[in-house]
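Below: one structure, written as structure tokens.
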Amino acid sequence: MTAPIATEDALDGSALRQVFAAASAHLRACAKDVDAINVYPVPDGDTGSNMSATLREAIERALALDGPPAVAVVLTTIARGALYGARGNSGVILSQALRGFAAGVGERDRLDGHALADGLVDAAARAYRAVSDPQEGTMLTVLRAAGEGARQAAEALPEGGRGTGCARVLGSAVVAAERAEAATIEQLPALREAGVTDAGGEGVCVILRGLLAAITGAPVAGHLKPADRPIVHSAGHGGDGFGFCTEFLVEADGRALDLESIRGLAEAGGNRSVVVVGDPDLVRVHVHSLAPQALLDAAEVVGRLARVKVEDMSAQNARFREGGSGAGVKVALLAMSRGGGFDEIFESLGATVSDLGVIEKPPAGQIADTADSLRVADVVVLANHKNVLLAAEQAKALARCTIHVVPTTSLPQGIAAAMAFDSEDSPTANIEAMAAAADAVMTIEVTIAGATRTSDGVSVKKGEAIVLVNGKLAGTGTTPGEALLEGLRQAGLRRGNLVTIFAGEGAPEHERLSIADRVRQHHAGVEVESLPGGQPLYPYIASVE
Numbered sequence: 052m053t054a055p056i057a058t059e060d061a062l063d064g065s066a067l068r069q070v071f072a073a074a075s076a077h078l079r080a081c082a083k084d085v086d087a088i089n090v091y092p093v094p095d096g097d098t099g100s101n102m103s104a105t106l107r108e109a110i111e112r113a114l115a116l117d118g119p120p121a122v123a124v125v126l127t128t129i130a131r132g133a134l135y136g137a138r139g140n141s142g143v144i145l146s147q148a149l150r151g152f153a154a155g156v157g158e159r160d161r162l163d164g165h166a167l168a169d170g171l172v173d174a175a176a177r178a179y180r181a182v183s184d185p186q187e188g189t190m191l192t193v194l195r196a197a198g199e200g201a202r203q204a205a206e207a208l209p210e211g212g213r214g215t216g217c218a219r220v221l222g223s224a225v226v227a228a229e230r231a232e233a234a235t236i237e238q239l240p241a242l243r244e245a246g247v248t249d250a251g252g253e254g255v256c257v258i259l260r261g262l263l264a265a266i267t268g269a270p271v272a273g274h275l276k277p278a279d280r281p282i283v284h285s286a287g288h289g290g291d292g293f294g295f296c297t298e299f300l301v302e303a304d305g306r307a308l309d310l311e312s313i314r315g316l317a318e319a320g321g322n323r324s325v326v327v328v329g330d331p332d333l334v335r336v337h338v339h340s341l342a343p344q345a346l347l348d349a350a351e352v353v354g355r356l357a358r359v360k361v362e363d364m365s366a367q368n369a370r371f372r373e374g375g376s377g378a379g380v381k382v383a384l385l386a387m388s389r390g391g392g393f394d395e396i397f398e399s400l401g402a403t404v405s406d407l408g409v410i411e412k413p414p415a416g417q418i419a420d421t422a423d424s425l426r427v428a429d430v431v432v433l434a435n436h437k438n439v440l441l442a443a444e445q446a447k448a449l450a451r452c453t454i455h456v457v458p459t460t461s462l463p464q465g466i467a468a469a470m471a472f473d474s475e476d477s478p479t480a481n482i483e484a485m486a487a488a489a490d491a492v493m494t495i496e497v498t499i500a501g502a503t504r505t506s507d508g509v510s511v512k513k514g515e516a517i518v519l520v521n522g523k524l525a526g527t528g529t530t531p532g533e534a535l536l537e538g539l540r541q542a543g544l545r546r547g548n549l550v551t552i553f554a555g556e557g558a559p560e561h562e563r564l565s566i567a568d569r570v571r572q573h574h575a576g577v578e579v580e581s582l583p584g585g586q587p588l589y590p591y592i593a594s595v596e
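For what it's worth, my numbering labels the leading residue of the sequence shown as 52, then goes sequentially.
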């Protein structure tokens, strides 16, 4: 941790935002360890990853606030962001705890010890109300203990902690939470059998430790006790019949939402792990269901669905068996592609491929439908053509999921962006990293002129090989190979550059390797790779990095 943000003083909005950002980073660092102690009967074994993703999205919204924000604005922004970004049962409960914390602190100018205690008490109360059948020995128990510990510490301070710093009250909350977390192993038979404490409760402790360390500057105390053998490996807890972890937002569509009616829909048909939270404008639903589509169809009658995620928990359980974590993809990648070679490259980088088209480009509806079929809340789309960018942007309004568009205008840019993609990172961080990677690539495309004309100051004749550099007509050649060499010359290659040549549809291997050798001869010190792209209409596409 860095130097303390505020040890003796109450926190203003800017300091509070910084403290929460530090806690979010700490939770992310510990997420896999928390995942490892998640056990049946709630088998979506990615508690730490879900809580981390939920808090991370909330913090990103707070960090985007302009100017020095007020305490209330920071907390309500975090709470709202968590509701939108909530993942999994634990993430939804965390979002409600953050909402309760914001309500408990209220409109106070600074977060002091008294306000902190009020916030933690209300955080627990709101979290309990969010769960249709609250159980002790879970993160709810740990949240309540943290609030009680904070309240006792505040009452022992002059004026109940009004005007004091937060460190002493928060320190007491951490101690109380850790004691409650240690006791969860005796409160739920499943935890006792597995020999672990509750994963969600541990996630709460990790957040509180991160907050305290950010305030005091002291090293983060405490550690996780990983499971020696997760209970999903034990006899009597097989991998069949888990159903689907189903999550979505319901947005008001002309009329106020009825929370209890939506809860009734979610609880119908024997669904389990039901959490329904929100307000008349926005409701978040989490449920384990054997018939997720029926639930989605029923909910769509009530309001507009968004950020739909459906994950097969039997597959999740299998991942848990193999690696100790059931965490699935948090953000999916959809790449518009053209050519078998390019398809294989994108798929090897974790992308789902959709046809870019040869002449006709994919419409917005097709992009939206494909993104929704991935069944995750956030999908990053690589347009990979200038004439697809607008359709990709329009798809945002048509999709149930949240689409994030990286404005790639060529297949090489798309590959560079895909290489920077991290399915465990937030959409915002991915977009930033992927856009930067795409911008660092120069694209050279060779095709055959379809007409005689002058463009960009270059005159071409029908049937000539022409070369475009970053989408601009740059020159001609007697053959596609000569045109490629002209484009690379104009690209201003330097020693140390990497040139990757993608040969088009039907190109013989010997021709592909031959053109790579010619590039090496013309440009000493440049690294050259040659791959089959399989793209139609363009004999060669090359990237320069």
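Glycine included, each C-beta is placed from N, C-alpha and C at the ideal position. These numbers come from a predicted model, not from an experiment.
- Query: Within the chosen definition, does the region 295-309 reach the region 137-157 through at least 3 CB pairs nearer than 8 Å?
  - Reply: The region 295-309, when compared against the region 137-157, does touch it at the 8 Å Cβ threshold.
- How is S183 classed by DSSP in three states: helix, strand or coil? Residue 183 sits at position 132 when you count from the first residue of the sequence shown. DSSP places S183 in coil when its eight states are reduced to three.
- Return the chain-ordered list of same chain residues with a C-beta closer than 8 Å to the C-beta of D394, the five sequence neighbours on each side being excluded. As a first step, residue 394 is located in the sequence shown; it is residue number 343 there, counting from the start. The residues are S388, V404 and G585.
- Query: Can you list, in chain order, the residues of its chain whose CB lies under 6 Å from that of C81, leaving out five sequence neighbours each side?
  - Reply: Sequence index remark: in the sequence shown, residue 81 carries index 30 (1-based). If we look at C81 and ignore the five residues flanking it on each side, its Cβ neighbours are V257.
- Item | Euclidean distance between Cα positions of G246 and G329 | Taking the sequence shown and counting its residues from 1, one reaches residue 246 at position 195. Taking the sequence shown and counting its residues from 1, one reaches residue 329 at position 278. Taking the straight line joining both Cα atoms gives about 35 Å.
- Please classify G377: is it buried, with 16 or more other beta-carbons within 10 angstroms of its beta-carbon, or exposed? Residue numbering aside, residue 377 sits at position 326 when the sequence shown is read from its first letter. Since pLDDT at G377 reaches only 43, below the 50 mark, its modelled position is unreliable, and no value is offered.
- Which of helix, strand or coil does DSSP assign to I602? This structure does not reach residue 602, given that the chain is present from 52 up to 596, and the question cannot be answered.
- Measuring alpha carbon to alpha carbon, tell me which of T127, R138 and H77 ends up nearest M102. By 1-based counting over the sequence shown, the position of residue 102 is 51. Comparing Cα positions, the closest option is R138.
- Residue range of the unbroken beta strand (DSSP E) whose run includes V427: What you label residue 427 is simply residue 376 of the sequence shown in a count that begins at 1. Here V427 belongs to no beta strand (DSSP E), and DSSP marks it neither H nor E.
- Task: May I have the straight-line CA-CA distance separating P11 from Q417, to the nearest angstrom?
- Result: Shown here, the chain extends from 52 to 596; a query on residue 11 therefore has no answer.
- Message: In the DSSP assignment, the beta strand (DSSP E) including I499 goes from what residue to what residue?
- Response: Position 448 of the sequence shown, counting from 1, holds the residue named residue 499. Note, I499: beta strand (DSSP E), M493 to I499.
- Message: So the candidates are E444, L263 and A434; which of them puts its Cα closest to the Cα of T459?
- Response: Against the sequence shown, residue 459 aligns to sequence position 408. Residue A434 is the option with its Cα nearest to T459.
- Task: Taking only runs that begin and end inside the region 543-567, name each unbroken beta strand (DSSP E) of 3 or more residues, in chain order.
- Result: 549-554
- Enumerate in chain order the residues of its own chain whose CB-to-CB distance from I396 is below 7 Å, with the five nearest sequence positions on each side excluded. As a first step, residue 396 must be located in the sequence shown, where it is residue number 345. Excluding positions up to five away in sequence, the list reads I466.
- Task: Could you have a look at E229 and say whether DSSP puts it in helix, strand or coil?
- Result: The residue given as residue 229 occupies position 178 in the sequence shown. In the structure shown, E229 adopts helical secondary structure according to DSSP, grouped into three states.
- Less than 8 Å separating the beta-carbons of V338 and A350? Counting from 1 along the sequence shown, the entry for residue 338 is found at position 287. Counting from 1 along the sequence shown, the entry for residue 350 is found at position 299. Taking 8 Å as the Cβ cut-off, V338 and A350 do not qualify as a contacting pair.
- Query: Between the C-alpha atoms of A76 and E108, what's the straight-line distance to the nearest angstrom?
  - Reply: Along the sequence shown, one-based indexing puts residue 76 at 25. Along the sequence shown, one-based indexing puts residue 108 at 57. Rounded to whole angstroms, A76 to E108 spans 12 Å at the Cα level.
- Item | Close beta carbons around Q238, own chain, < 6 Å, minus the five adjacent residues each side | Mapped onto the sequence shown, residue 238 falls at position 187. Cβ within range, chain order: E187 and G188.
- Message: According to DSSP, simplified to helix, strand and coil, what is L162?
- Response: On the sequence shown, position 111 is the one that residue 162 refers to. Three-state result, L162: strand.
- Message: Helix, strand or coil for T503? Go by DSSP, reduced to three states.
- Response: For the purposes of this step, residue 503 is identified with residue 452 of the sequence shown, where counting begins at 1. Reduced to three states, the DSSP call for T503 is coil.
- Message: Quick check on V492: buried or exposed, where buried means 16 or more other Cβ atoms within 10 Å of its Cβ?
- Response: In the sequence shown, residue 492 corresponds to position 441, counting from 1. With 16 or more other Cβ atoms inside 10 Å of its own Cβ, V492 counts as buried.
- Taking T127 as part of the alpha helix (DSSP H), name the residues at either end of that continuous run. Position 76 of the sequence shown holds residue 127. Run containing T127: V122 to G136, per the alpha helix (DSSP H) assignment.
- Query: For R451 versus D423, is the C-beta distance shorter than 8 Å?
  - Reply: Looking up residue 451 in the sequence shown gives position 400. Looking up residue 423 in the sequence shown gives position 372. Yes. Within cutoff.
- Query: For A166 versus T127, is the C-beta distance shorter than 8 Å?
  - Reply: As a working note, residue 166 is residue 115 in the sequence shown. As a working note, residue 127 is residue 76 in the sequence shown. Not in contact: A166 and T127 (Cβ atoms no closer than 8 Å).
- Task: Following the continuous alpha helix (DSSP H) through P531, name the residue where it begins and the one where it ends.
- Result: In the sequence shown, counting from the first residue as 1, residue 531 sits at position 480. Here the alpha helix (DSSP H) through P531 covers P531 to Q541.
- Query: Leaving out five residues before and five after V511 in sequence, what residues of the same chain have Cβ atoms less than 6 Å from its Cβ?
  - Reply: For the purposes of this step, residue 511 is identified with residue 460 of the sequence shown, where counting begins at 1. Result list for V511: A500, I517 and T527, in chain order.
- Task: Look up F472 in the DSSP assignment and say whether it is helix, strand or coil.
- Result: What you label residue 472 is simply residue 421 of the sequence shown in a count that begins at 1. Here F472 sits in coil by DSSP.
- Query: Excluding the five sequence neighbours on either side, which residues of its own chain have a C-beta within less than 6 Å of the C-beta of R563, listed in chain order?
  - Reply: For the purposes of this step, residue 563 is identified with residue 512 of the sequence shown, where counting begins at 1. The answer, listed in chain order, is A554 and S581.
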